[in-house]
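Engineer: Numbering (the UniProt record's numbering), first residue to last: 1 to 344. Below are the structure tokens for one structure; questions will follow.
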Amino acid sequence: MQSRHALRIAITLLFLLIAIRLFWQVTCNREMGDAEVPNRNIIYEVRYVNQTMVTNRKLPIEKQTITKVINCITGGTIRNHKPSKFELFDATYKTKGEDHAKRQNDFVMIYSLRGWGGIDGTADLQASGIGSTLNYAQEAMTTLNSIVDQLKLTLKQDRISILDTACGDMQWMSRFLTIRTDVDYTGLDIVNDLIQHHKQTYKDHFNWSFFHKDIVKDPLDKSYDLVLLRMTLQHLRLHDIMQVLDNINHSGSKYLLSTTFPAVRNNEELTKDISTGRMRYINLELEPIRLQPPICFYRDGPMGDKENHYLGLWRIPMFQVNNCEKEETLMLDKKMISYYCASK
């Protein structure tokens with residue numbers, strides 16, 4: 001009798017777990033619905049209905065449905081928004097960009113001198129800073145793993161193509177790809193020595209490819225299911241950030257996963273002092289970028305990290321909201337932070 005009772009309990013729990021999993025898949029599919037690439041010559045107004053993007057060529061839609069940003073792992077609601085009118089991403093920015101040669105020389109120098117540090121002896125090649133180490137990238141690997149699973153369901157595909165716009169030293173990504181045989185990976189980097197190293201080191205991986213590119217200067221020549229911009233934009237000038245996002249927007253790709261710092265109140269220009277590592281923190285929801293709220297986001301870095309940076313998922317083409325700065329407080333990772341966005 002006891003064994004039968006235990007069996008019934010086990011079966012009940014199994015069906016409960018299956019039901020929870022199905023509910024989560026349906027929810028994520030609803031969150032990550034397909035989006036069409038609009039004609040850039042037409043002004044589109046966008047509204048959100050249960051986080052599904054709808055384009056409309058008619059008059060601006062005044063009433064907006066509450067949108068939510070969910071946790072990329074659990075699916076739970078992180079924050080709600082009632083956004084302003086949306087417009088197709090505009091890359092125009094008042095300041096000039098950086099010269100390609102200057103940008104490339106800086107990154108080559110940082111690579112040669114190992115200027116970003118993060119050398120902990122856990123990999124043969126360590127040149128991309130602490131964010132590239134396995135210890136620091138655990139949350140990023142978890143997030144990417146979950147998103148790949150959901151994209152396969154949403155897009156009804158057996159394989160997912162990923163473009164890594166700045167692959168760096170490949171510490172964590174090479175580990176991730178060894179457990180995801182359903183990913184076709186393309187890695188780009190402005191440092192040619194890194195690309196040549198990867199072509200030789202990973203030559204036996206037929207579905208991994210590497211190219212020497214400057215993502216600011218070089219338009220993307222094909223589309224991808226997912227474009228990754230982890231810890232990349234923070235190293236570029238504001239004008240060049242806008243250009244990168246514009247290149248992605250017109251690539252025909254489907255989703256963007258990018259680093260963002262929601263606690264940043266002002267997006268400052270990049271200093272010319274290379275000793276800073278060519279970096280400062282960037283909030284993709286503030287001027288001049290003003291991206292609409294992401295579909296989901298999840299923290300990046302170790303639990304004790306004080307930088308409050310996250311990976312956010314956006315559908316491509318990306319849209320901007322009207323310039324309307326807003327501050328909110330939010331409990332994230334057991335701590336209260338202020339986040340800033342351009343959504344009403």
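In this text, a Cβ means the ideal position worked out from N, Cα and C, and glycines have one as well.
Pick from Ala91, Lys326 and Cys296: whose alpha carbon is nearest that of Gly312?
Structural biologist: Checking every option, the nearest Cα to that of Gly312 belongs to Cys296.
Engineer: Taking C-alpha atoms, which residue in Lys82, Lys199 and Asp240 lies nearest to His212?
Structural biologist: Ranking the options by Cα distance to His212, first place goes to Lys199.
Engineer: Is the Cβ-Cβ distance between Ser161 and Tyr224 less than 7 angstroms?
Structural biologist: The answer is yes: Cβ separation under 7 angstroms.
Engineer: By a C-beta neighbour count over all protein chains shown, 10 Å radius and 16 as the cutoff for buried, is Leu270 buried or exposed?
Structural biologist: Buried, by the Cβ-count rule.
Engineer: Return the CA-CA distance between Asp214 and Pro293, expressed in angstroms with no decimal places.
Structural biologist: Looking at the two C-alpha atoms, the distance is approximately 27 angstroms.
Engineer: Going by DSSP in three states, Val69 sits in which element: helix, strand or coil?
Structural biologist: Of the three classes helix, strand and coil, the one that applies to Val69 here is strand, per DSSP.
Engineer: Is the stretch 102 to 117 touching the stretch 325 to 341, taking contact as three or more C-beta pairs under 8 angstroms?
Structural biologist: No: fewer than three Cβ pairs fall under 8 angstroms.
Engineer: Closest to Arg159 by C-alpha separation, out of Gln150, Cys167 and Leu188, would be which residue?
Structural biologist: Residue Gln150 is the option with its Cα nearest to Arg159.
Engineer: For Pro38, which of helix, strand or coil comes out of DSSP?
Structural biologist: Note that Pro38 scores 34 on pLDDT, short of 50, meaning its location in the model is unreliable; the coordinates nonetheless yield the value given after this. Pro38 falls in the coil class under three-state DSSP.
Engineer: Entirely within the UniProt domain "Methyltransferase" (162 to 249) and at least 4 residues each: give me those alpha helix (DSSP H) ranges in chain order.
Structural biologist: Segments of the alpha helix (DSSP H) lying fully in the UniProt domain "Methyltransferase" (162 to 249): 171 to 178, 192 to 201 and 238 to 249.
Engineer: In the DSSP assignment, what residue or residues form a beta bridge with His81?
Structural biologist: Paired residue(s): Thr67.
Engineer: Can you list, in chain order, the residues of its chain with a C-beta nearer than 7 angstroms to that of Ala263? Leave out the 5 residues immediately preceding and following it.
Structural biologist: So the qualifying residues of the chain are Asn308, Ile337, Ser338 and Tyr339.
Engineer: From Tyr253 to His235, what does the alpha carbon distance come to, in whole angstroms?
Structural biologist: The displayed chain sequence assigns Ser, not Tyr, to residue 253. Each residue's alpha carbon lies about 23 angstroms from the other.
Engineer: Mind checking which residues open and close the alpha helix (DSSP H) that includes Gln104?
Structural biologist: His100 to Leu113 is the extent of the alpha helix (DSSP H) around Gln104.
Engineer: Between the beta-carbon of Ala91 and the beta-carbon of Met242, is there less than 7 angstroms?
Structural biologist: Going by C-beta atoms, Ala91 is nearer than 7 angstroms to Met242.
Engineer: By Cβ distance, which residues of its chain are closer than 6 angstroms to Gln320, with the 5 residues on each side in sequence left out?
Structural biologist: So the qualifying residues of the chain are Glu87, Phe89 and Arg290.
Engineer: Helix, strand or coil: how does DSSP classify Leu291 here?
Structural biologist: In the structure shown, Leu291 sits in a strand (DSSP, three-state: E or B).
Engineer: Nearest CA to the CA of Ala166: which residue from Asn322, Val244, Thr154 and Ser251?
Structural biologist: Measuring from the Cα of Ala166, the nearest candidate turns out to be Val244.
Engineer: Applying the 10 Å Cβ sphere with the 16-neighbour rule, what's the burial state of Asp300?
Structural biologist: Burial call: buried.
Engineer: Kindly list the residues whose CB is nearer than 8 angstroms to the CB of Asn267, restricted to its own chain and excluding five residues on each side of it in sequence; keep chain order.
Structural biologist: The answer, listed in chain order, is Leu238, Ile282, Asn283, Leu286, Glu287, Pro288 and Ile289.
Engineer: For the alpha helix (DSSP H) that Lys152 lies in, which residues bound it at each end?
Structural biologist: Residues Gln138 to Leu155.
Engineer: Quick one: what does DSSP say Gly76 is sitting in, helix, strand or coil?
Structural biologist: Residue state, collapsed to three classes: coil.
Engineer: Going by DSSP, name the residue or residues bridged to Arg280.
Structural biologist: Per DSSP, none; premise fails for Arg280.
Engineer: Give the single residue among Arg278, Glu327, Phe210 and Leu226 whose Cα lies nearest to the Cα of Asn145.
Structural biologist: Comparing Cα-Cα distances from Asn145 to each of Arg278, Glu327, Phe210 and Leu226, the minimum goes to Leu226.
Engineer: Once DSSP output is grouped into helix, strand and coil, what is the label at Gly97?
Structural biologist: Reduced to three states, the DSSP call for Gly97 is coil.
Engineer: Which same chain residues end up closer than 8 angstroms to Thr95 when comparing Cβ atoms and leaving out the 5 residues on each side of it in sequence?
Structural biologist: Result list for Thr95: Arg237, Leu238, His239 and Glu269, in chain order.
Engineer: Beta-carbon separation of Ser209 and Gln171 under 7 angstroms?
Structural biologist: It is not a contact, given that the beta carbons lie outside the stated cut-off.
Engineer: Could you give the distance in angstroms between the alpha-carbon of Thr260 and the alpha-carbon of Pro219?
Structural biologist: Using only the alpha carbons, I get a separation of about 22 angstroms.
Engineer: Using a Cβ-Cβ cutoff of less than 6 angstroms, which residues in the same chain neighbour residue 345 once the five nearest sequence positions on both sides are dropped?
Structural biologist: Residue 345 is absent from the model: the chain starts at 1 and stops at 344.
Engineer: State buried or exposed for Arg30, treating a residue as buried only when at least 16 other CB atoms are found within 10 Å of its CB.
Structural biologist: Its pLDDT being 49, under 50, Arg30 is placed unreliably in this model, and the coordinates cannot settle the point.
Engineer: Just tell me which of Ile130, Asn322, Asn207 and Asn80 has its CA closest to the CA of Leu177.
Structural biologist: The shortest Cα separation from Leu177 among Ile130, Asn322, Asn207 and Asn80 belongs to Asn207.
Engineer: Just reading off the beta strand (DSSP E) that Met331 is part of, what are its end residues?
Structural biologist: Lys326 to Leu332 is the extent of the beta strand (DSSP E) around Met331.
Engineer: Would Ile73 and Tyr310 qualify as a contact pair, given that the criterion is a beta-carbon distance under 7 angstroms?
Structural biologist: No, these two residues do not count as a Cβ contact at 7 angstroms.
Engineer: Nearest to Arg265 by alpha carbon, out of Thr329, Asn322, Tyr255 and Ile248?
Structural biologist: Nearest C-alpha to Arg265: Thr329.
Engineer: Going by CA-CA distance only, name the one from Asn249, Ile147 and Asp189 that's closest to Phe107.
Structural biologist: The shortest C-alpha separation from Phe107 is found at Asp189.
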